[in-house]
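Going by my numbering, the first residue of the sequence shown is number 61, and it counts up by one from there.
Let me begin by presenting the structure, written as structure tokens, before commenting on it.
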Amino acid sequence: MLSGDQIRVLELLPSGDEGPAAPLRGHVHIVSLSSNPDYEAVSYVWGIPDGKTSIEVSGHIFGISSNLDALLRRLRYTNRKRQIWADQICIDQSNLSEKTTQVKMMGDIYSKCRQCLIWMGEIPESVPQSGVEDAIHLLEFMATPDDVNVPEFLSTRDKFIKVFEVLYLIHPHGNTWWSRIWTVQEVILPERKTILWGPKVLSWELLSQAMHTWTTQYMPSLMEILLDEDFQEMNALSANIVWINYGRNSDLPSILVTKWRNRKATDMRDKVFGLLGLVPDHVDLEYTGRRTCESSVAEVFSSLTLDAILSTDSLQPLVLNPRLEDDIATEGISRWAMDLKGFPKRDADTFYRDWAHDHYNACNGRALDRSFLRSTVEDHAGSTRVLGVSGVMVDTVQIISPQRSTAPESDARISENLRAWYKLAASRQPGGVSAATQPEFDEQFCRLVVADILELRDEDDPESQSRMPNAEDLENAWRFVKEGIRSPGELWIKESHMPSQLCNQVFFVTASGMMGMGPWDTLPGDEVWVFDGGNYPFTVRPRNEAGSKAEFDFVGCCYIQGIMFGEWFQKQEELSTQRIYIY
Numbered sequence: 061m062l063s064g065d066q067i068r069v070l071e072l073l074p075s076g077d078e079g080p081a082a083p084l085r086g087h088v089h090i091v092s093l094s095s096n097p098d099y100e101a102v103s104y105v106w107g108i109p110d111g112k113t114s115i116e117v118s119g120h121i122f123g124i125s126s127n128l129d130a131l132l133r134r135l136r137y138t139n140r141k142r143q144i145w146a147d148q149i150c151i152d153q154s155n156l157s158e159k160t161t162q163v164k165m166m167g168d169i170y171s172k173c174r175q176c177l178i179w180m181g182e183i184p185e186s187v188p189q190s191g192v193e194d195a196i197h198l199l200e201f202m203a204t205p206d207d208v209n210v211p212e213f214l215s216t217r218d219k220f221i222k223v224f225e226v227l228y229l230i231h232p233h234g235n236t237w238w239s240r241i242w243t244v245q246e247v248i249l250p251e252r253k254t255i256l257w258g259p260k261v262l263s264w265e266l267l268s269q270a271m272h273t274w275t276t277q278y279m280p281s282l283m284e285i286l287l288d289e290d291f292q293e294m295n296a297l298s299a300n301i302v303w304i305n306y307g308r309n310s311d312l313p314s315i316l317v318t319k320w321r322n323r324k325a326t327d328m329r330d331k332v333f334g335l336l337g338l339v340p341d342h343v344d345l346e347y348t349g350r351r352t353c354e355s356s357v358a359e360v361f362s363s364l365t366l367d368a369i370l371s372t373d374s375l376q377p378l379v380l381n382p383r384l385e386d387d388i389a390t391e392g393i394s395r396w397a398m399d400l401k402g403f404p405k406r407d408a409d410t411f412y413r414d415w416a417h418d419h420y421n422a423c424n425g426r427a428l429d430r431s432f433l434r435s436t437v438e439d440h441a442g443s444t445r446v447l448g449v450s451g452v453m454v455d456t457v458q459i460i461s462p463q464r465s466t467a468p469e470s471d472a473r474i475s476e477n478l479r480a481w482y483k484l485a486a487s488r489q490p491g492g493v494s495a496a497t498q499p500e501f502d503e504q505f506c507r508l509v510v511a512d513i514l515e516l517r518d519e520d521d522p523e524s525q526s527r528m529p530n531a532e533d534l535e536n537a538w539r540f541v542k543e544g545i546r547s548p549g550e551l552w553i554k555e556s557h558m559p560s561q562l563c564n565q566v567f568f569v570t571a572s573g574m575m576g577m578g579p580w581d582t583l584p585g586d587e588v589w590v591f592d593g594g595n596y597p598f599t600v601r602p603r604n605e606a607g608s609k610a611e612f613d614f615v616g617c618c619y620i621q622g623i624m625f626g627e628w629f630q631k632q633e634e635l636s637t638q639r640i641y642i643y
């Protein structure tokens, strides 16, 4: 049995005179991480165990997956031992208590290894050796284009494509190692990492430098033969490398799990457990820490969401499209919890939402009710199913526009829908829209279209900046509403703006005539609230008849024109704060 910070390390025995075909053999010994043991950790895709491959460990035959079998055979020396940490062998997978403890130690295990050995799999026999050498030559040229001769295969695109097809074998779109959740922290945490690709050994630095050059330096011999799809593939590799190289101790839990939400896991609990080693040291994972490998997936996801809320001291995690539609959601999950199983079918741009969250201030600076959040958990016997929040009820959704825009959508279709929304909103204004009030109404509608905030990027300051839309911006937006015309360079249009503000959302009007955008499944009767600690307003759905218990189902964050910057609190002399429970 393991205790404290103990782990098992496999002492992989040499193949000796028997050569590569020799059976795998080794011994396992127990060490404490605090003693700074010398070992190498492996990062690989498990694959499906087929019962055909095994290793003899301390005299006992131990079944392993064929992918681990291939990796260990590549790692094994001929005449000396090698100290390896591999989860299939070093964790008792049948002991859930040990598995829970060791899983939570994975961050330390990979942080303290001498190096991480990344297994990209064997090279197919159909790939010629010359093709592999050319693929590596391409990386070497991209890493140091001024020091390496221009490869001959860059003379035509056809020749380049043949080489890139080989490189694709270790590309995020061509190799499953990049798609698994566990490999994220396994590659981010170690100080040193080495890529094993069949018999080839590549340094991680080679890949990193090649992608750094790709993003910072113009290489005419390469770039002049590429088509758009080639650039997209290179950018995909570059993005993954950048996220990995800058992924250590940098993201709070909500952004961390959102960034890697597309990664796959056989056990959905690993969408959380597989990233715990990347959570900054100062973040207290109080509720996630209570969960084990026996906890339900829903419990793990909701516990992580509560910890994410507390770590940001805000409701920011609830802005990041946490909820999946009911027909694809995790069984038993609370609607407010970050459902990391996948992505919503009607998804908005998550990182635009995160950016906008930092610029809005619907709650007017009112602090998150941390004590009520915590007491709600304790009042429900430690269950994290219910979210306790405080806030004020603003209005009720009265009517939903039937005209909706999906993403992507043509400008003509979006413009047509905007005109329908405008007409609907005008018809629902108390007292109607007169000649005297129309200019103000038109302005408010255009502010909704542009989200009342513009993202700027100053070349001298790479950090995102913002400003309120001016008269010219609103005039451009109005022209788009009327005619579907927009010009390049108009600040109100950003690559992420349309899918975030106008697409995959519904337009609605409240009982008092307020205009809003919300989740696709918003319904009349849903209530608009501003919660303490919430920079966005939210829509929730009453669970009971009016006047009964304060229980609601979560619908999602919404945009309500005229209250995004705290106006609701600034123009009301007295507001009655209520504590409610959200499911």
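The C-beta atom is built at its ideal place from N, Cα and C for all residues, glycine as well.
Residue i and residue j closer than 9 Å at C-beta
i	j	result
glutamate 71	lysine 172	no
methionine 558	phenylalanine 568	no
glutamine 630	glutamine 504	no
glutamine 565	serine 636	no
isoleucine 67	glutamine 162	yes
leucine 282	asparagine 309	no
tyrosine 420	methionine 624	yes
leucine 516	proline 529	no
histidine 197	leucine 297	no
valine 105	arginine 85	no
leucine 62	arginine 136	no
glutamate 385	aspartate 581	yes
leucine 366	valine 302	no
histidine 417	tyrosine 596	yes
serine 239	asparagine 322	yes
arginine 406	serine 560	no
leucine 229	proline 188	no
cysteine 423	glycine 626	yes
DSSP beta-bridge partners of residue i
i	result
alanine 101	Trp145 and Cys176
glycine 86	Leu72 and Val117
isoleucine 640	Val449
proline 19	The displayed coordinates of the chain run from 61 to 643. Any statement about residue 19 would go beyond what the structure contains.
glutamine 565	Ser465
glutamine 66	Ser92
serine 526	Glu515
glutamate 587	Thr456 and Val600
valine 261	Leu256
cysteine 617	Phe598
lysine 324	Arg240
phenylalanine 224	Bridge partners of phenylalanine 224: none, in fact.
phenylalanine 122	Ile115
Closest residue to residue i among the options (Cα-Cα distance)
i	options	result
lysine 609	Thr352, Pro462 and Gln638	Gln638
leucine 93	Ala325, Asp65 and Trp580	Asp65
isoleucine 642	Ala495, Pro109, Met283 and Leu447	Leu447
leucine 199	Phe213, Val187, Phe591 and Pro188	Phe213
proline 490	Thr599, Ser572, Thr348 and Cys150	Ser572
glutamate 225	Thr236, Ala195 and Trp237	Ala195
valine 69	Ile393, Asp147 and Cys353	Asp147
valine 91	Asp367, Cys563 and Trp145	Trp145
alanine 82	Val541, Leu132 and Ile151	Leu132
lysine 222	Val454, Asp290 and Trp257	Asp290
arginine 134	Leu312, Leu256, Pro211 and Ala467	Leu256
histidine 120	Pro109, Val88 and Asn127	Val88
serine 103	Pro250, Arg350 and Cys506	Pro250
glycine 60	Glu391, Thr444, Ser470 and Tyr170	In the structure as shown, the chain starts at 61 and stops at 643, and residue 60 therefore has no counterpart that could be examined.
glycine 585	Glu500, Arg479, Met279 and Val454	Val454
Whole-Å CB distance - residue i paired with residue j, under 8 Å assumed
i	j	result
valine 360	valine 343	The pair is not a contact, with the Cβ atoms about 16 Å apart (cut-off 8 Å).
phenylalanine 175	arginine 252	The sequence shown places glutamine at residue 175, not phenylalanine. Yes, they are in contact, since the Cβ atoms of glutamine 175 and arginine 252 sit about 4 Å apart, within 8 Å.
lysine 260	valine 192	7 Å
leucine 583	arginine 603	Contact flag wrong, Cβ pair sits at about 13 Å.
threonine 410	threonine 318	6 Å
Residue i Cβ short of 8 Å to the ligand ADP heavy atom set
i	result
lysine 219	With respect to the ligand ADP, the structure shown offers nothing to examine, as it has no ligands at all.
Chain D within 9 Å of residue i, Cβ atoms only
i	result
alanine 270	Included in the structure is just one protein chain, with no chain D present.
Check: Do the stretch 614-634 and the stretch 372-383 touch if we need at least three Cβ pairs shorter than 8 Å?
Finding: Contact between the stretch 614-634 and the stretch 372-383 is present, because at least three Cβ pairs lie under 8 Å.
Note to self: Does the structure place the stretch 536-550 close enough to the stretch 458-465 that three or more beta carbon pairs sit under 8 Å?
What the structure shows: Inter-segment contact for the stretch 458-465 and the stretch 536-550 is absent: fewer than three beta-carbon pairs are separated by less than 8 Å.
Notebook entry, point to check: Can you find at least 3 beta carbon pairs, one from the stretch 159-175 and one from the stretch 325-341, that sit closer than 8 Å?
Noted result: In short, these stretches touch, since the Cβ pair count reaches three.
Check: Does the stretch 203-222 come within contact of the stretch 264-278, defined as at least 3 CB pairs closer than 8 Å?
Finding: Output reads yes: the stretch 264-278 touches the stretch 203-222.
Margin query: Below 8 Å, how does it come out for the stretch 226-245 and the stretch 178-188: are there three or more Cβ pairs, yes or no?
Written below: Short answer: they touch.
Check: On the three-pair Cβ rule with 8 Å, is the stretch 529-546 touching the stretch 506-513?
Finding: Contact between the stretch 529-546 and the stretch 506-513 is present, because at least three Cβ pairs lie under 8 Å.
Note to self: Using 8 Å as the cut-off, can you tell me whether the stretch 348-365 makes contact with the stretch 397-415, which would need three or more C-beta pairs spanning the two stretches below that distance?
What the structure shows: Contact holds: three or more Cβ-Cβ distances are below 8 Å.
Note to self: Can you confirm whether the stretch 422-436 touches the stretch 591-603 when touching is taken to mean that 3 or more C-beta pairs between the two stretches lie within less than 8 Å?
What the structure shows: With the cut-off at 8 Å, the stretch 591-603 and the stretch 422-436 touch.
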